[in-house]
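Residue numbers (my numbering): 314 to 551.
Put into structure tokens, the structure is as follows:
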């Protein structure tokens, strides 16, 4: 498999380690030092692009990949106002887009567990639901894309919550996401179900970036030859 890494930061380097260990080839590494090279993608002939860049450049990176008929796996968050446009580009160019706010197998199982918990807790309005996410200080967006996806999934099954808000609720139907930034934390997400009598907590803690990188690499292998838009639930069959 020939891979173009669009974004060569910590995640890009972690994915590179896995790819090389599996005897794949990194044909292009895009960083802040060679941004213009992405316009020449076809010259490098990658089988797939893996995109972990910055929110302000993510959509353009994805667009250029799709317009070159190259499937792209993206894990950049905070650009989803253009997701529908990206899906259309994938369809128009007869290729594929795979997006996930988090590529960890554990996190995607965590999503499923929380969705089930929300269905149960929806029957007991005396419990209030909230989310806390903690990440390293280099993380640019808040709340995390994982926390947003988690909130959206939970709200679907909680009749007393209709939207999420960052750090402070504006109405009783808001689900609060508290975002914290601390040194050296790859990612910790906790859902709280609180009542006067007790509290139920569900937590996922990432020990390193390796789980995210492994999932992104697996998605890149899985997406080759497919057409359309995909997420982790498609690959994992959840």
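No residue lacks a Cβ here, since even glycine has one placed at the ideal position from N, Cα and C.
Being a predicted model, the structure only gives us computed values, none of them experimental.
Whole angstroms is fine: what's the gap from residue i's alpha carbon to residue j's?
i           : j           : result
residue 529 : residue 521 : 14 angstroms
residue 517 : residue 421 : 10 angstroms
residue 369 : residue 453 : 11 angstroms
residue 491 : residue 449 : 14 angstroms
residue 376 : residue 352 : 11 angstroms
residue 502 : residue 329 : 26 angstroms
In three-state DSSP terms, what is residue i?
i           : result
residue 412 : strand
residue 342 : strand
residue 331 : helix
residue 354 : helix
residue 452 : coil
Assign residue i to one of two classes, buried (16 or more other C-beta atoms within 10 Å of its C-beta) or exposed (fewer than that).
i           : result
residue 386 : buried
residue 546 : exposed
residue 366 : buried
residue 337 : buried
residue 441 : buried
residue 415 : buried
residue 429 : exposed
Give the single residue among the options whose Cα lies nearest to the Cα of residue i.
i           : options               : result
residue 335 : 317, 548 and 531      : 531
residue 364 : 318, 406, 398 and 408 : 318
residue 497 : 333, 325, 519 and 471 : 519
residue 437 : 511, 322 and 356      : 511
Next on the checklist: Please give me, in chain order, every unbroken run of the beta strand (DSSP E) with length at least 3 that falls completely inside the stretch 459-520.
Outcome noted: 476-479, 487-494, 501-507 and 512-518
Item to check | Ranges of the alpha helix (DSSP H) found wholly within the stretch 363-410, counting only runs of at least 4 | outcome: 368-380 and 396-405
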